[in-house]
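A.B. asks: Chains as they are written, first to last, in the numbering used here: chain A, 48 to 466; chain B, 48 to 466.
2 protein chains.
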Amino acid sequence: MAVVSAAARSWVRGADRSGFGLGHLPYGSFLDGAGGGARLGVRIGEFVCDLAASVDAGALGGLSDAENAALRSPNLNALMALGRPAWRSVRACVKRALGDGERSDRSAVLLAVDEVKIALPFTPADYIDGYASREHTEHLGQLFRPDEDPLPANWLHLPVGYHGRAGTVVVSGTEIIRPRGQSSPDNGDPPPFGPTAKLDIEVELGFINALDTPLGFSVPVRAVGEHIFGIVLVNDWSARDIQSWEYRPLGPFLGKSFATSIAAWVTPIDAVEHLRVHGPKQDPPVLDYLTRTEPWNFDLQIQVWLTPSGGQSELISTTNPKNLYWDAAQQLAHATINGAALRTGDMHATGTISGTAHRTEGSLIELTRDGQQPLSLNDGAQRTYLQDGDNVRLTATALDAHGQPLTLGPVEGTIKPPS
Amino acid sequence: MAVVSAAARSWVRGADRSGFGLGHLPYGSFLDGAGGGARLGVRIGEFVCDLAASVDAGALGGLSDAENAALRSPNLNALMALGRPAWRSVRACVKRALGDGERSDRSAVLLAVDEVKIALPFTPADYIDGYASREHTEHLGQLFRPDEDPLPANWLHLPVGYHGRAGTVVVSGTEIIRPRGQSSPDNGDPPPFGPTAKLDIEVELGFINALDTPLGFSVPVRAVGEHIFGIVLVNDWSARDIQSWEYRPLGPFLGKSFATSIAAWVTPIDAVEHLRVHGPKQDPPVLDYLTRTEPWNFDLQIQVWLTPSGGQSELISTTNPKNLYWDAAQQLAHATINGAALRTGDMHATGTISGTAHRTEGSLIELTRDGQQPLSLNDGAQRTYLQDGDNVRLTATALDAHGQPLTLGPVEGTIKPPS
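1) Counting only Cβ-Cβ distances shorter than 7 Å, please list the residues of the stretch 178-202 of chain A near chain B, keeping chain order.
2) How big is the Cα-Cα spacing for A301 (chain A) and Y294 (chain B)?
3) Jot down the residue ranges of each uninterrupted beta strand (DSSP E) in the stretch 390-454 of chain A, minimum 3 residues, whole runs only, in chain order.
4) Using beta carbons (cut-off 7 Å, strictly below), is T399 (chain A) in contact with chain B?
5) Specify the secondary structure class of P299 (chain A) as computed by DSSP and reduced to three states.
6) May I ask you to verify whether the stretch 307-320 of chain B touches the stretch 154-169 of chain B, counting CB pairs closer than 8 Å and requiring at least 3?
7) Per DSSP, which residues does T461 (chain B) bridge with? Please list them.
8) Per the DSSP calculation, Y294 (chain B) is bridged to which residue(s)?
9) Take the Cβ of K369 (chain B) as the centre, count every other Cβ of all protein chains shown within 10 Å, and call the residue buried at 16 or more, exposed below.
10) Measuring straight from C-alpha to C-alpha, what distance separates P536 (chain A) and L424 (chain B)?
11) Along the stretch 258-280 of chain A, what residues have a CB closer than 8 Å to any CB found in chain B?
12) What residue range does the beta strand (DSSP E) around S265 (chain A) cover?
13) Taking only runs that begin and end inside the stretch 57-134 of chain B, name each unbroken alpha helix (DSSP H) of 4 or more residues, in chain order.
14) What span of residues does the alpha helix (DSSP H) with L190 (chain A) cover, start to end?
15) So what does E251 (chain B) bridge to, in DSSP terms?
16) Between the Cα of P206 (chain B) and those of B:Y336, B:Q429 and B:L353, spot the shortest distance and give me the residue it belongs to.
17) Compute the Euclidean distance between the alpha carbons of I400 (chain A) and L371 (chain A), then round it to the nearest angstrom.
18) Distance check for T221 (chain B) and G436 (chain A), CA to CA, integer angstroms please.
19) Rounded to the nearest angstrom, what separates G177 (chain B) and N256 (chain B) at their Cα positions?
20) For a test of the three-state rule: what should DSSP assign to Y336 (chain B), helix, strand or coil?
21) Go through its chain and collect everything with a Cβ distance to T529 (chain B)'s Cβ below 8 Å, but skip five positions before and after it.
22) Express the C-alpha separation of D247 (chain A) and R225 (chain A) in angstroms, rounding to a whole number.
23) Leaving out five residues before and five after P327 (chain B) in sequence, what residues of the same chain have Cβ atoms less than 7 Å from its Cβ?
24) List, in order along the chain, the chain A residues whose C-beta lies closer than 9 Å to that of D437 (chain B)?
25) With DSSP as the reference, label I349 (chain A) as helix, strand or coil.
26) Nearest to R287 (chain A) by alpha carbon, out of A:S57, A:E273, A:M394 and A:K303?
27) Whole-angstrom Cβ separation of T365 (chain B) and Q350 (chain B), contact assumed at under 8 Å?
28) Going along the chain, which residues of its own chain have a beta-carbon closer than 6 Å to the beta-carbon of S356 (chain A), five neighbours each way excluded?
29) Thinking C-beta only, is F305 (chain A) closer than 7 Å to A213 (chain B)?
30) Taking Cβ positions only, does E293 (chain A) come closer than 7 Å to chain B?
31) Under the DSSP definition of a beta bridge, which residues are partnered with F240 (chain A)?
32) Rounding to the nearest angstrom, what Cα-Cα distance links A53 (chain A) and D103 (chain A) in this structure?
33) Let me confirm a value: T397 (chain B) is counted as buried when at least 16 other C-beta atoms fall within 10 Å, else exposed. Which label applies?
34) Here's a check: name, in chain order, each residue in its chain whose Cβ is nearer than 6 Å to the Cβ of M48 (chain B), leaving out the five neighbours to either side.
35) Looking only at C-alpha atoms, which of B:L87, B:L455, B:L446 and B:A116 sits nearest to L158 (chain B)?
36) So with CB distances below 8 Å, who are the chain B contacts of Q434 (chain A)?
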C-alpha cells in the first residue's frame, strides 16, 4: 500500500483513503437534531466538520470577518458569494485544521455523518439543464424522432439547454414519488392518464454558479473559473412517456419537473483542477464567444448502481463526462451571451452523460432502447424502466491531487408509488 | 358623473376614480430613499400606503401578530404564505384604514408613488410560462412550422407550458437590454451572431402562487383559489430570431431568458373576483383532473402602447384574456399533476394573449406577420420589431366591484442597445 504523503494526511481516522480525504473537502449543509437550523459543514472521511462550531473553537483562525460569517451561515450561498479568493483562503484554512501537520491543534469540531440530517448544500436559484453529450443526443433523436437527423440542426453550433424546475431540486436520499401524467394517445382516443410507466434516470454533472451578475453581462469563456464554485453529481429523473407527449413545441416540462436529485456534497473546483481535460475537437468550428480557452471537461468514472427492493446493488452503467462535446465553460458562456443575469446558487447541468458502447449510457431509455432490450439483473429479474422500490445511486471516483482516492458525494433516491 | 357610494369612497385625494381606489388595493414593494430596505406597500391613487409605518402608527389595528409581522416584511412573500384568511383580514383592515368611513382615523402613512423607488413585489421562485391562447398558438405555428398543423397534437389535451428564467423576472420600468445571440444560418454558413433583429413583446397575465406544497402533492382545480394570491401584467420579451434557431428540441431558452417584466403592483384575486369568467367550451373534453369547476379566466381590457424614442405613445393592440382556451386553474392543476412542489412566489403566466382580429394580437410577430406587414405609426414611421429607444407599456382596465375604474399595475420597459 502506498504511503500517504505528509501533505495529504489528515488526523481524522480513516479519512485519507475514504474518498473524502484532505485533497477533497467538499461542502454540505446539515442539521444535528438538536433543534438548531441548518449549518455549513465540510465532509472529511465519515465525519462532518461543523464549520461554525470550529470557528467558535478557534480551529479556523486567520479568516476575515466576512469569511467567518459565511462559515456561520446555513449553507454554501454566503461563502460562494464572497468569490474565489475567499474560497481559496477558507479551503486552505480547513485543510490546515484537518491536516496532520504542525499547525493543526485538532480542535476542529467533528460529527459522524451518519448522525446528522443532510440538507441541500446551497439554495438553488435557477436550474439550467443541458444536452452536451453527442452520444445521448443521437440516441434520443433516434428514439423520439426516428424520421429525422438524430442531431438537430443547431446542435453542433450551440450548447442546447433549457430551464428546469429549481423548486424540485432535492438532496440525495429524498424519496422520489412516481409522477402521474398524460401520455400519447392512440389515434382519436383521449390521452392515457396514470403513474408513469417509463420512469428513468439521467446521469449528469452539475456546476454551481457562485456570483450574482447584472442584467446585460455575459460571462466570457475565459472567466468562467471566477464564477463556478464547484460540481455535484445530478440525477435528473425523467418520465419518458409524459415527456414524449408534452414536449412539442416548448420542451420538457412535467416529464422532468417532479424531481432532480443532487449530491449532498459540493466538490470545489479547486479539488478537481487536475481532473480537467479538453473535450473532443469541434467541427464545424464554434463561434468566437464559444471558443475554448481552458479545459472544462472533467475526467471522472461515474458508476450507476441499481438496487431493487430487498435485492443486491448492481452496476448497470459506467460513464465519464470527459468526452462531452460541450464543456461547462461553453455552457455558461452561452447561457449568458444574451445578457441573462446570474444569481448565487444557479446550477447548470451537463445533460445526460452517455458513451458509445453499451453499458456506458446515462439513462435507461438508452440502456434498454426504450424498453425493447431489457436489462437482465443478477437475480434473474429484468428492467426496462424503474419499478417502485428501486434505488438508484450514482457515484464518481478519481484520484485527488495527492494520488489518494476522491469520491464525489453520491446521489441516490428510491422510487415510491404515488399516494 | 356617477356618485361614488360611501362603501367605495377613500379619503385619499383623487383615489376613487384613479384605477387604484378602495376596490383595488394592490400590493407592491418600495424603497423610500432614506436608506432602509424594501418595504411592503399598498397602492391607493397616486400614493403608496406604507404598511409597516401604518402598523406602527396604529392605523391597522386588530391584526394578528403574524399578520403584523408580514406587513413589516420587505415584500409580499410573508403575507402570501399566511394563506387566504390572512389575505382577507389584512385587506379588510387596509380598506377600513383608507376608506372614508367612521372607522378610519386617517392615520395611515402615505408616500407619493413618484417619490419612492419600486422593487419586485415578491421574490420570484419558479416561473412557468404557458401557451393558453389558441389564436396565438395557431399564429405562431403558421409562422414557425408552416408545413405542419398549426395546433400541436397535444395542445387541446393539456395546457402546454415550460419553465422560464426566474432570475431575470424584473419589475416594470427596468431597462431592457437588447440581447445578442445566434440565429439560423443559410445552408452551410456559420450561424449569424449579433444583437437580435427581432425583439418582440408577449402580452401576458401572471398568477402568483402563495403557498408551499410538498413533493407529491397535486393542486386540484377546485382548490386553486387557496393557492393563487393575485395577478400581474407580464411582458415576456422575446427575441424571435434567437428563439427560432435554438428551440428544437428542448424549447425556448436564450430567446426569452434575458428579461421578463412584471408590474410593480400585484392585484389580489379578492379585488377581481367579479371579473372571473369561464373560458370557451373545450372540445374534445379534457381529462378529469383538468375539468373546470369555477371560472378562472379574467375579463380585462389589455392595451399595448408603443412609444418611439422622443415620440408619442400610441395604441398598437387591444386584447383580453377572457377567451383563453386554458384557464389559470387548469394551468396550475396541470403543473402539479406530476407531484411537483410549489413555493411561495412561484409565478405562472398565460402565455401570449391574442385575439382573432388584427390589432388584437399580443406580440409583434403576430401583429406584423413576422415583419412582412409592418405597423404604420402615427408619425409616418413603421415597425416590424422593436427599435432601440422604443418603450412598450401594457395597461389593463376594468371596473371594480363598486363600479369604479380598476387599472392593473402597468408594465413598461424601454429598449437599450447592448454595451
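We put the beta carbon where it would ideally sit given N, CA and C, even for glycine. Because the structure is a prediction, the values reported are computed rather than measured.
C.D. replies: Reading from the atomic positions:
1) Y178, P199 and N201
2) Position check: residue 301 (chain A) holds Leu in this sequence, whereas Ala was assumed. Near 18 Å, if we compare the C-alpha coordinates of Y294 (chain B) and L301 (chain A).
3) 394-396, 438-446 and 452-454
4) no
5) coil
6) yes
7) B:N438
8) Partner(s): none; Y294 (chain B) has no beta bridge.
9) buried
10) Chain A is shown from 48 up to 466; residue 536 (chain A) falls before or after that span and cannot be answered.
11) L262, G263 and S265
12) Note, S265 (chain A): premise wrong, no beta strand (DSSP E); not H, not E.
13) 98-103, 112-118 and 124-128
14) R181 to F191
15) B:V281
16) B:Y336
17) 7 Å
18) 49 Å
19) 15 Å
20) helix
21) Outside the modelled stretch of chain B, which goes from 48 to 466, sits residue 529 (chain B), for which no answer is possible.
22) 10 Å
23) N370 and Y372
24) Per Cβ cutoff of 9 Å: no residues; D437 (chain B) is ~17 Å from chain A at best.
25) strand
26) A:K303
27) 5 Å
28) G436
29) no
30) yes
31) A:Q229
32) 27 Å
33) buried
34) Note that M48 (chain B) scores 46 on pLDDT, short of 50, meaning its location in the model is unreliable; the coordinates nonetheless yield the value given after this. No residues qualify anywhere along the chain.
35) B:L87
36) Within chain B, no residue comes near Q434 (chain A); the closest Cβ sits about 18 Å away, beyond 8 Å.
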